[in-house]
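Undergrad: Protein chains in written order, with this note's numbering: chain Y, 84 to 525; chain H, 84 to 525; chain G, 84 to 525; chain B, 84 to 525.
Using N, Cα and C, we set each Cβ at its ideal position, and we do this for glycine too.
Every value quoted in this text rests on a predicted model; they were computed, and no experiment measured them.
Quick one: structure below, then a few questions.
Number of protein chains: 4
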Amino acid sequence: MHHIEITDTGITEIGKASVTSPLLNGDGTSHQSFIEEKDRVLVNIRLEEIEADLQKEGPLASFELAGPRRKIYFDSSKLRCALVTCGGLCPGLNDIIRSIVLELYYHYGVRTIYGMRYGLQGFIPKYGHDVMDLEPASVAGILDRGGSILGSSRGPQEIGEIVDCLERMNIGILFMVGGDGTLRAAVKIADEILQRNLKISVVGIPKTIDNDIYMISRSFGFETAVDVSTQAIIGAHNEAAGYPNGIGLIKLMGRHSGFIAATAALAQQDVNFVLIPEVDFDLEGPNGFLAALEKRLALRGHAVIVVAEGAGQKFFENNGGETDESGNIRLSDIGIYLKGAMAKYFKGKGIEVNIKYIDPSYMIRSLPANANDSVFCGFLGRNAVHAGMAGKTKVVIGRWNNHFVHIPMEAATSRRKQVSPTGELWSAVMETTGQLPMKNPA
Amino acid sequence: MHHIEITDTGITEIGKASVTSPLLNGDGTSHQSFIEEKDRVLVNIRLEEIEADLQKEGPLASFELAGPRRKIYFDSSKLRCALVTCGGLCPGLNDIIRSIVLELYYHYGVRTIYGMRYGLQGFIPKYGHDVMDLEPASVAGILDRGGSILGSSRGPQEIGEIVDCLERMNIGILFMVGGDGTLRAAVKIADEILQRNLKISVVGIPKTIDNDIYMISRSFGFETAVDVSTQAIIGAHNEAAGYPNGIGLIKLMGRHSGFIAATAALAQQDVNFVLIPEVDFDLEGPNGFLAALEKRLALRGHAVIVVAEGAGQKFFENNGGETDESGNIRLSDIGIYLKGAMAKYFKGKGIEVNIKYIDPSYMIRSLPANANDSVFCGFLGRNAVHAGMAGKTKVVIGRWNNHFVHIPMEAATSRRKQVSPTGELWSAVMETTGQLPMKNPA
Amino acid sequence: MHHIEITDTGITEIGKASVTSPLLNGDGTSHQSFIEEKDRVLVNIRLEEIEADLQKEGPLASFELAGPRRKIYFDSSKLRCALVTCGGLCPGLNDIIRSIVLELYYHYGVRTIYGMRYGLQGFIPKYGHDVMDLEPASVAGILDRGGSILGSSRGPQEIGEIVDCLERMNIGILFMVGGDGTLRAAVKIADEILQRNLKISVVGIPKTIDNDIYMISRSFGFETAVDVSTQAIIGAHNEAAGYPNGIGLIKLMGRHSGFIAATAALAQQDVNFVLIPEVDFDLEGPNGFLAALEKRLALRGHAVIVVAEGAGQKFFENNGGETDESGNIRLSDIGIYLKGAMAKYFKGKGIEVNIKYIDPSYMIRSLPANANDSVFCGFLGRNAVHAGMAGKTKVVIGRWNNHFVHIPMEAATSRRKQVSPTGELWSAVMETTGQLPMKNPA
Amino acid sequence: MHHIEITDTGITEIGKASVTSPLLNGDGTSHQSFIEEKDRVLVNIRLEEIEADLQKEGPLASFELAGPRRKIYFDSSKLRCALVTCGGLCPGLNDIIRSIVLELYYHYGVRTIYGMRYGLQGFIPKYGHDVMDLEPASVAGILDRGGSILGSSRGPQEIGEIVDCLERMNIGILFMVGGDGTLRAAVKIADEILQRNLKISVVGIPKTIDNDIYMISRSFGFETAVDVSTQAIIGAHNEAAGYPNGIGLIKLMGRHSGFIAATAALAQQDVNFVLIPEVDFDLEGPNGFLAALEKRLALRGHAVIVVAEGAGQKFFENNGGETDESGNIRLSDIGIYLKGAMAKYFKGKGIEVNIKYIDPSYMIRSLPANANDSVFCGFLGRNAVHAGMAGKTKVVIGRWNNHFVHIPMEAATSRRKQVSPTGELWSAVMETTGQLPMKNPA
């Protein structure tokens, strides 16, 4: 984890928290422990960082801890909440939905919880999606199911219309589970709400199967994705080893960050080459990937390659900045491209190879969370509820230095987290694969 | 299972079985039970078939049971055996290799067992593949691994060269594990052997993940394939249900026979349409698949489709009979084609749909066998050894009416097994999916 | 499968089937294929059995095929059905419930389907269990859940009270899923119904995770049980191999028949000793189990033992014929007993051993069915409905010689199926474990 | 994570690190990034802790980072290393063995690596265990296997004899993987080595499936254990829900700390009661567990209970401080005890209950690591090698505040980590189970 430059870690509040939390018993006692003002965790924790920071003026940067407060903002008996899941599927969505619903219902006594259907479309009248009433019975038995019981969609919707809908429905807290784009929309929604002087909290839970949201050291669903990616690697390895000059090629998720590819290669160490967006590589030339692959085949008779979907985008000229519905740049398919490039290269050399290509993406995204992610999602959901009830807004729930914290939404979306080419993760990949840098001298 | 027309169920033998089996103790007792001449199982077992057969002259058609014989042909102390796996990977190959090696080694006392590398290539000097010496230690711990420790390859090799190799290596029994093409090659090899008057048994174990070999009521790896295909169906269903007008499309194995697609759809009943080679369907028109799909989306908002790779080949004109290395006709990709056809159709109608396409083929083929397949493979391997030791040749080990039997190799390759459009399996698919015939009136 | 002596394979009917099946279209056509009177499958299919039978008078013994009939007995618009699951849990119960409900509802148009709660208790007023209304929505999403959504209980209830309840509720078909004891109760219920001259079909689906019901060549849940038992064997093997003189002992299900123990040992071949009820063994003495185990430890340093729960009951004197609620003889715990006997034996010899004992029973019984069992359960459920609608009674749905058939209930409960000590399964166990008979000379 | 009082975080070194690391290229460059003296991470990272610490004299407490150093102590060409695994099995042992061997062999060029068999017994001549030569081929394919390829044993051995053996074998680095007891032995071994003025590094990797080693925020195998414990919970829930007044009782690992029980209950939220050693509870009385259970049954008809093996030890009087071979106090079996207590209680009240007891312990310990643990173990092993090569001794590799660090061995064994009854984890358990404190007023 690299040094984070952040000065303002303050969280916006929609009003003074003056209501006594229903988590407290009448006599002020509780089985629950509460978070106090002073409960904060340092942003940067390397000794030399701290020593440098101490030379500067001002306090050490720290995040406030997530968790229940003694005083909250909302009177839960009259509160209506809404919940929406946006963007691509990710293991754990149903866990989060369930834990938000149960926490609101059983612990804060909120009885009106709306599930907006199909992402941001759910707010927009023209799509005609019904709203789903959520209560404990509606979330029973959903943990073993992948996907999202609310459904999802990609792409932005008009901010004004969304806030109109929130007003019309008389919502007090809006929980938004989504990626980068969703969180940027959430900032705009929260700003429009403040502009209109409404009392609506907007609480985000960052969703990124790629694990690439800044200041979010771990995102839910990532470990499940790695877990199952290893199945694809085992398959590719068996196929590769099963034929003369067998090549197993697996494309894994990772549009801008290669965390899944790198971590999966460490989890199932049959991989010989890992290609990720953060580490540039050449195909041709003496140091290029194809020459390295040829060497490997000559030596061992087979090879396994993991490529992140965002790797090698430099090979696609003129894709003209096309974007998908979510506004993401439409990537050209590096998996298909590599498969073709390898076939052509070896054909040109008169070497017969057997290439097997595996793209497990949708089998992974649609899985239920594994045990560890499930526990993690439970905490994210409960902490999102605590934050919302306390009147926090423009806030995301994150995991930082082993604590659940409140991170200002704008900070989390300010840039992207990536694999450091000189860090511990990539070093480990280089060590375990035996892969060398694949760049020709300029 | 339909009526089988077969008159000659006799198995060729390379010589008189006059050696006492090492499975017998010195005093003629044994913990093992033995198969006798009279141990045969009927080919056809429906009452009306039998009644009809009894009207005819000649005996009722029956297969001889597989299993150990008291008298065998080979003297195991001097015997050398060879083992080869051919064609595409299939769950269970390592189980079969292991059980053949252990049975030969421990029970018959054979000490020289060669594993030919990379399919039929292994016999041909120009490829330069080493031979693998097989003994119990080489097959320890291989059951949990998918693929084949011997490797495989596709495509034919020159029969004369193969038999030259067998002669040179002084092989007594050749075990061939492979599909249709391999078994046809095995017939030619066995014939060339008989022609040259050599004493080499050729014993086949039919391999077809598609479960489409004639007279083989169950082929190893098929159940494992179905088992794991359900994971792809669950994923596709979650993706489909997760978006407005979501469509999950899974392409499963099945070049000429839709057993995997049909059975997987019964095992995971989230499927709405199953498309297989045996049941013709139209895309366009009032009764066509696209109209049916549109209706389903209008009604339920999402749909899951399973297509066997060999379905709908009529949509590809002019693919000109191209064949792959195994001599199989190269199929055009129905999955990609359907995905495109659906996208175009709904775009033309102004209906937004979300199509997710899953092709899990190589993740399935490369798996280890599940428990049930593993037990099955153990029996196939042991029975192949019993057959070979007894001097049987041009024989495959099959499962017929719940008995392991010897089937003449030529009979098993005489035609292909397919899903009957009027049988119990397809009826069940129609019932559980609610799918109707998708043919327009001529 | 051994020769079955059966003369009367006729199925009782509660009345003439004169109603046209709703599976037929108005014009008499159907996408479904129907079973005709003549569709029967031979009971015995070994050639010599048939030849012997042909010498006798009378027709060859055959079972009628299960499946839909063109003419049925019940008018589905007025029909009420009841469904009950009894005895211990078994993978696949929910699959059967679901397929019965969907078949009745969608294909026959039956709208009133009652789920009786907690086994036979559900019929008896004093327990006060509510009845569950079953319709497609109540069985959605239950396939991935183990157990039974209806619940179960052990033990008999008064037959008269059960039939009173059926009369009171105006039931036309009663589906009973249960084991030996349940099917014997079903016979009595059906007889009492016939006695009272009521028009109620009683259709049984045999449930036995032990796979020990006579004339039922395969029972649902068995393959799933074997599948998961292998996990326990792997664990026991790792524990055994992990310590000096490590011994892994696994107790598996099998009260009177060792099918699970024997088959699991073939599926995961790390097992050195298999102890089952059908094969007598001594503990002490030169040929006894303990001496054999000592030899194995001396040779290899570790050992894995699988014992069926019903094995070695001779070691328990004076357990006085105690029975459990289901009337089964209460077995003494052979697992605990063996663990103690081994500890004592090796202590006496001054040999330090490390014994790890695994009893996975309830983790297995409570699982959902695997893919193959799921497909199987679907057929059992649908065929049970076809049988019931046709007015068959005192019938169980079985799998015989690869066909689904109607078996007279009394025949199926007439005796128990066991592992033959001279058959193919036990021979294979002896071969793969290297185990010898463990009996001392008398 | 609570405040840690530690002043001395210095790591002992056996000599000056003056050899250039082989990880550096000849020209001093490297693909690897190196750890510098200044690379340290704070021990305590809560803001108020830091603020308090800053008031005190002396530097902020910090751990040095684990990882490769530019200068190391050992000349790898002459170095011999030894590796031992001690105590109970734990998922990930083989991953650690493999990563130590591969790192030593490929990256540092160490060619002599000994695997000591069966824990500390391996050092003691009288046991006669062979040493295992370890090289890349010996660790190929071991990742998918549970257990330890080296074997293990419990219990102490004479320190002098162990150091004699190290001297005799001319070992330079000893890697010890084990729990509390093992690490305490490691301290003594390292002290004896220093005493004898030998140049042997002792590097520990803390193993505790219970996750209860102090200052080790995460121990390998724990997540895998939680993952699989959820299977037992699902099974227990299905059994409980399957019968009238069904009770599913699962005993999970946790001798002194309830992390597995608590976390598993969050991962699979079918649990109603969690009993752990850290939270006292009564059985009898108005607030006791049995009364609470009775209430739950009356309300919902079934209940699921998870008990950690070390919970409720107060109920066992006079077990007299017996200890097992590892010197651990022998716990009385709380699972069996609870089962009996519940049976007696409800029998006394005339309430029929169905109790199903599951003890999955050995099925969990013997598993291979899941993907996430596998990645973690790889880092532990590689960092242990870096530490040893640098001449560090009396050090364990730990994970602290998301960094891999060097922790003084004595500090890590100074006390035990436990679940805080007022912390986030236990609060979450109380929330999700709905469980209340179960203590009667004094």
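B:G150 versus chain Y: which residues are under 9 Å apart at the beta carbon?
TA: As a working mapping, residue 150 of chain B is identified with position 67 in the fourth sequence. Per Cβ cutoff of 9 Å: E507, S510.
Undergrad: Quick one: residues in its chain with C-beta nearer than 6 Å to the C-beta of Y:Y326, no 5 flanking neighbours on either side, listed in chain order?
TA: The sequence position of residue 326 of chain Y within the first sequence is 243, counting from 1. Only N437 meet the Cβ criterion.
Undergrad: Please confirm if H:V246 has its CB atom under 9 Å from at least one CB of chain G.
TA: Here the question's residue 246 of chain H lines up with position 163 in the second sequence. Not an interface residue.
Undergrad: Where does G:G205 sit, in a helix, a strand or coil, going by DSSP?
TA: The residue labelled residue 205 of chain G in the question sits at position 122 within the third sequence. Helix at G:G205.
Undergrad: Using CA atoms only, rank isn't needed, just tell me which of Y:A374, Y:F459, Y:Y440, Y:A344 is closest to Y:K432.
TA: Numbered from 1 along the first sequence, position 349 holds the residue referred to as residue 432 of chain Y. Cα-wise, what sits closest to Y:K432 is Y:A374.
Undergrad: Would you identify the three-state DSSP class for G:V246, choosing helix, strand or coil?
TA: In the third sequence, residue 246 of chain G corresponds to position 163, counting from 1. G:V246: helix per DSSP, three-state reduction.
Undergrad: Are at least three pairs of beta-carbons, each pair with one atom in the stretch 163 to 174 of chain B and one in the stretch 198 to 209 of chain B, less than 8 Å apart?
TA: Touching, yes, given that three or more Cβ pairs across the two stretches are closer than 8 Å.
Undergrad: Is there at least one Cβ from chain B nearer than 9 Å to Y:F462's Cβ?
TA: The residue labelled residue 462 of chain Y in the question sits at position 379 within the first sequence. Y:F462 counts as touching chain B.
Undergrad: Look at the alpha carbon of B:P504 and the alpha carbon of B:V468, and state the distance between them as a whole number of angstroms.
TA: Taking the fourth sequence and counting its residues from 1, the one referred to as residue 504 of chain B is at position 421. Taking the fourth sequence and counting its residues from 1, the one referred to as residue 468 of chain B is at position 385. Approximately 37 Å between the Cα atoms of the pair.
Undergrad: Could you give the residue range of the beta strand (DSSP E) that holds H:V286?
TA: Counted from its first residue, the second sequence places residue 286 of chain H at position 203. That run of the beta strand (DSSP E) goes 284 to 289.
Undergrad: Alpha carbon to alpha carbon, how far is B:A525 from B:I183?
TA: As a working mapping, residue 525 of chain B is identified with position 442 in the fourth sequence. As a working mapping, residue 183 of chain B is identified with position 100 in the fourth sequence. Those two C-alpha atoms are separated by around 54 Å.
Undergrad: Give the DSSP-derived three-state secondary structure of Y:Y197 in the structure shown.
TA: By one-based count along the first sequence, residue 197 of chain Y stands at place 114. In this structure, Y:Y197 counts as strand in the three-state DSSP scheme.
Undergrad: Three Cβ pairs or more, each shorter than 8 Å: is that satisfied between the stretch 343 to 362 of chain H and the stretch 505 to 515 of chain H?
TA: Verdict: yes, contact present.
Undergrad: So, with DSSP's three-state summary, where would you put Y:R129?
TA: Numbered from its first residue, the first sequence carries residue 129 of chain Y at position 46. Looking at Y:R129 - three-state DSSP - the assignment turns out to be strand.
Undergrad: Quick check on the DSSP output: the beta strand (DSSP E) that includes H:D216 runs from which residue to which?
TA: Locating residue 216 of chain H in the second sequence gives position 133, where the first residue counts as 1. H:D216 -> beta strand (DSSP E) spans 214 to 216.
Undergrad: Quick check: what's the CA-CA separation for G:E367 versus G:K430?
TA: For the purposes of this step, residue 367 of chain G is taken as residue 284 along the third sequence, with counting starting at 1. For the purposes of this step, residue 430 of chain G is taken as residue 347 along the third sequence, with counting starting at 1. Taking the straight line from one Cα to the other gives about 14 Å.
Undergrad: Count the other C-beta atoms from every protein chain shown that fall within 10 angstroms of the C-beta of G:Y189, then say buried if there are 16 or more, exposed otherwise.
TA: Against the third sequence, residue 189 of chain G aligns to sequence position 106. Burial call: exposed.
Undergrad: Along chain B, in chain order, which residues have C-beta atoms closer than 9 Å to that of Y:A467?
TA: Looking up residue 467 of chain Y in the first sequence gives position 384. Within 9 Å Cβ-Cβ: nothing; Y:A467 doesn't reach chain B, min ~14 Å.
Undergrad: Does DSSP put G:V488 in a helix, a strand or coil?
TA: To locate residue 488 of chain G, count along the third sequence from 1; it is residue 405. G:V488: strand per DSSP, three-state reduction.
Undergrad: For B:G109, count neighbouring Cβ atoms within 10 angstroms of its own Cβ and tell me buried if that reaches 16, exposed if not.
TA: Reading the fourth sequence from its first residue, position 26 is the one you call residue 109 of chain B. Classification for B:G109: exposed.
Undergrad: Give the list of continuous beta strand (DSSP E) stretches no shorter than 3 residues that lie fully inside the stretch 98 to 123 of chain Y.
TA: Segments of the beta strand (DSSP E) lying fully in the stretch 98 to 123 of chain Y: there are none.
Undergrad: Is the Cβ-Cβ distance between G:N127 and G:I87 less than 9 Å?
TA: By one-based count along the third sequence, residue 127 of chain G stands at place 44. By one-based count along the third sequence, residue 87 of chain G stands at place 4. Going by C-beta atoms, G:N127 is nearer than 9 Å to G:I87.
Undergrad: If you compare alpha carbons, which of H:R267, H:P239, H:D178, H:N355 is closest to H:I232?
TA: For the purposes of this step, residue 232 of chain H is taken as residue 149 along the second sequence, with counting starting at 1. Comparing Cα positions, the closest option is H:D178.
Undergrad: Just how far apart, CA to CA, sit B:S160 and B:K282?
TA: On the fourth sequence, position 77 is the one that residue 160 of chain B refers to. On the fourth sequence, position 199 is the one that residue 282 of chain B refers to. Going from the Cα of B:S160 to the Cα of B:K282 covers about 16 Å.
Undergrad: Take Y:D158 and list the residues in its own chain whose beta-carbon comes closer than 7 Å to its own, dropping the five residues that flank it on each side.
TA: Here residue 158 of chain Y corresponds to residue number 75 of the first sequence, with the count starting at 1. Answer for Y:D158: V102, listed in chain order.
Undergrad: Alpha carbons only, please: which of Y:T516, Y:P451, Y:V488, Y:H486 is nearest the one belonging to B:G461?
TA: On the fourth sequence, position 378 is the one that residue 461 of chain B refers to. The option with the nearest alpha carbon to B:G461 is Y:T516.
Undergrad: If contact means a Cβ-Cβ distance below 9 Å, which residues of the stretch 198 to 213 of chain H contact chain Y?
TA: Cβ contacts with chain Y come from R200, Y201, G202, Q204, Y210, H212.
Undergrad: Would Y:E377 pass as an interface residue toward chain H - the criterion being a Cβ-Cβ separation below 9 Å?
TA: Taking the first residue of the first sequence as position 1, residue 377 of chain Y is located at position 294. It does not: the Cβ of Y:E377 has no partner Cβ on chain H nearer than 9 Å.
Undergrad: In or out: Y:M84 buried (at least 16 other Cβ within 10 Å) or exposed?
TA: Numbered from its first residue, the first sequence carries residue 84 of chain Y at position 1. For Y:M84, the pLDDT reaches just 49, beneath the cut-off of 50, and the residue's location in the model is therefore unreliable, leaving the point undetermined.
Undergrad: Could you tell me the boundaries of the beta strand (DSSP E) in which B:M425 lies?
TA: Counting from 1 along the fourth sequence, the entry for residue 425 of chain B is found at position 342. Premise fails: B:M425 lies in the alpha helix (DSSP H), 417 to 431, not in any beta strand (DSSP E).
Undergrad: Looking only at C-alpha atoms, which of B:A494, B:I296, B:I417, B:R279 sits nearest to B:T90?
TA: Taking the first residue of the fourth sequence as position 1, residue 90 of chain B is located at position 7. The option with the nearest alpha carbon to B:T90 is B:A494.
Undergrad: What three-state label does DSSP hand B:M84 in the structure shown?
TA: As a position in the fourth sequence, residue 84 of chain B is number 1, starting the count at 1. Low confidence applies to B:M84: its pLDDT is 49, below 50, so where it sits in the model is not reliable, and the reading given next is rough at best. Three-state DSSP puts B:M84 in coil, outside helix and strand.
Undergrad: If you count every other CB in all the chains shown that lies within 10 Å of the CB of G:G234, and 16 or more means buried, which is it?
TA: One-based indexing of the third sequence puts residue 234 of chain G at position 151. That one is buried.
Undergrad: Counting only runs that start and end within the stretch 292 to 346 of chain H, where is the beta strand (DSSP E) found for 3 or more residues in a row?
TA: DSSP runs (the beta strand (DSSP E)) wholly in the stretch 292 to 346 of chain H: 329 to 335.
Undergrad: Is the separation between the beta-carbon of H:A323 and that of H:A386 shorter than 9 Å?
TA: Translated into positions along the second sequence, residue 323 of chain H becomes position 240. Translated into positions along the second sequence, residue 386 of chain H becomes position 303. Cβ atoms of H:A323 and H:A386: closer than 9 Å.
Undergrad: Could you say which of G:S284, G:G238, G:V502, G:E514 lies nearest to G:T265 if we only look at CA atoms?
TA: As a working mapping, residue 265 of chain G is identified with position 182 in the third sequence. Measuring from the Cα of G:T265, the nearest candidate turns out to be G:G238.
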